[in-house]
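2 is the number of the first residue of the sequence shown in the working numbering; add one for each residue after it.
Note that beta-carbon positions come from the ideal geometry of N, C-alpha and C, so glycine has one too.
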Amino acid sequence: MNKAVIHAIPGVRNFRDMGGYTSKNGGTLAHGRLFRSGHFAEVNTAAAEQIAEHNITTVVDFRSAPEKDRMRVTWHAPWTPRYVENPIGGNAAAWIKDLFERVANAPFPADELHAQFILAFQTIPIANADGLKKLFDVLIDDDDGGAALFHCTAGKDRTGIAGALIMTALDMPEDAIFADFLLTNEAVDLEARAVEAAT
């Protein structure tokens, strides 16, 4: 089974090309057409030049207004994509807040955390159906010849759910969908992120 290609872009977490997977009927999602990532608030001009090489002309941002206020994006030439605000962060942000409160105020509650993750991944897609539909509308209507990218803050949970739904719509096998979701474990330095979150 092929898998997506991870690209190391300074200032961007979990940036990858979702092409390369083959559907159940034998069709393959072409490389260079669909990308996913974390936020772009730390991108400088040099990184923008690298991103521009991928011909990404449309960016769909799932972050909530408070997330965007904390991590403001400045587009650097030559990469100035069409930007689509599509917040599906409200429910996810509340879930993350609750998650951190549980960890901060109790001994590590493994069973509770496991249940919280299951609940989040069951409810986020349903609670944000309109926002996810907007993503599909953008992808379907995007006919400028360039690639599209969707992202949240970390490029992991909301972005992972959206990626899984896209792959499901493209009739990708379940093992490929799980593999792409779990590829975040390779694309992100999880130990460094844990230290960063704790400070």
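Review point. Leaving out five residues before and five after R73 in sequence, what residues of the same chain have Cβ atoms less than 8 angstroms from its Cβ?
Key: For this step, residue 73 is matched to residue 72 along the sequence shown. Around R73: A42.
Review point. Going along the chain, which residues of its own chain have a beta-carbon closer than 7 angstroms to the beta-carbon of I178, five neighbours each way excluded?
Key: Taking the sequence shown and counting its residues from 1, one reaches residue 178 at position 177. Short of 7 angstroms from the beta carbon of I178, and not among the five residues preceding or following it, lie these beta carbons of its own chain, in chain order: A165, M168, T169.
Review point. At what residues does the alpha helix (DSSP H) containing D181 begin and finish?
Key: Along the sequence shown, one-based indexing puts residue 181 at 180. Where D181 is concerned, the enclosing alpha helix (DSSP H) stretches over 175-183.
Check your understanding: Measuring CB to CB, does N45 end up less than 8 angstroms from H77?
Key -> If you number the sequence shown from 1, residue 45 lands on position 44. If you number the sequence shown from 1, residue 77 lands on position 76. Against a cut-off of 8 angstroms, the Cβ pair of H77 and N45 comes out as a contact.
**Study point:** Simplified DSSP assignment, three categories, for A31
**Key:** Within the sequence shown, the letter at position 30 stands for residue 31. If DSSP states are grouped into helix, strand and coil, A31 belongs with coil.
Point to revise | For R137, the first and last residue of its enclosing beta strand (DSSP E) | key: The count along the sequence shown starts at 1 and reaches residue 137 at position 136. Residue identity differs from the one stated: residue 137 is Phe in this sequence, not Arg. F137 -> not in any beta strand (DSSP E); alpha helix (DSSP H) instead, spanning 130-142.
Review point. Quick one: what's got a C-beta closer than 6 angstroms to V85's C-beta in the same chain, skipping five residues either side?
Key: For this step, residue 85 is matched to residue 84 along the sequence shown. Scanning its chain for C-beta atoms nearer than 6 angstroms, with the 5 sequence neighbours on each side dropped, one finds around V85 the residues V61, V139, in chain order.
Exercise for review: Note down, in chain order, each residue of its chain lying with its Cβ closer than 8 angstroms to the Cβ of L184, except the 5 sequence neighbours on either side.
Suggested key: Position 183 of the sequence shown holds residue 184. Result list for L184: K4, A5, I7, R17, in chain order.
Exercise for review: Can you tell me which of the three DSSP states R37 falls into?
Suggested key: Taking the sequence shown and counting its residues from 1, one reaches residue 37 at position 36. The answer is strand: DSSP assigns R37 an E or B state.
**Study point:** Three-state class that DSSP yields for F16 in the structure shown
**Key:** Stepping through the sequence shown from its first residue, residue 16 is reached at position 15. The answer is coil: DSSP assigns F16 none of H, G, I, E or B.
Check your understanding: Where does G27 land, buried or exposed, given buried means 16+ other C-beta within 10 angstroms?
Key -> Position 26 of the sequence shown, counted from the first residue, corresponds to residue 27. Exposed, since its Cβ has fewer than 16 Cβ neighbours within 10 Å.
Point to revise | alpha helix (DSSP H) segment containing L166, residue limits | key: Taking the sequence shown and counting its residues from 1, one reaches residue 166 at position 165. Unbroken alpha helix (DSSP H) run through L166: 158-170.
**Study point:** Straight-line Cα distance separating D158 from D143
**Key:** Locating residue 143 in the sequence shown gives position 142, where the first residue counts as 1. Locating residue 158 in the sequence shown gives position 157, where the first residue counts as 1. Looking at the two C-alpha atoms, the distance is approximately 24 angstroms.
Exercise for review: Ignoring anything shorter than 4 residues or poking outside the segment 66-90, list the alpha helix (DSSP H) runs there in chain order.
Suggested key: 66-71
Review point. Do I52 and I10 have their CB atoms nearer than 8 angstroms?
Key: Working through the sequence shown from its first residue, we reach residue 52 at position 51. Working through the sequence shown from its first residue, we reach residue 10 at position 9. For I52 and I10, yes; Cβs fall inside 8 angstroms.
Check your understanding: Would L114 be called buried (16 or more neighbouring beta carbons within 10 Å of its own) or exposed?
Key -> As a first step, residue 114 is located in the sequence shown; it is residue number 113 there, counting from the start. L114 counts as exposed, since fewer than 16 other C-beta atoms from the protein chains shown sit within 10 angstroms of its C-beta.
**Study point:** Straight-line Cα distance separating E102 from I162
**Key:** The residue you call residue 162 lines up with position 161 of the sequence shown. The residue you call residue 102 lines up with position 101 of the sequence shown. Roughly 23 angstroms between the two C-alpha positions.
Practice item. Pull up the CB-CB distance for I57 and A149, whole angstroms please, since I reckon it's below 8 angstroms. Key: The residue you call residue 57 lines up with position 56 of the sequence shown. The residue you call residue 149 lines up with position 148 of the sequence shown. Indeed they touch by this definition, with Cβ atoms about 7 angstroms apart.
Review point. Between which two residues does the beta strand (DSSP E) carrying A149 extend?
Key: In the sequence shown, the residue the question calls residue 149 occupies position 148. Per DSSP, A149 belongs to the beta strand (DSSP E) from 148-152.
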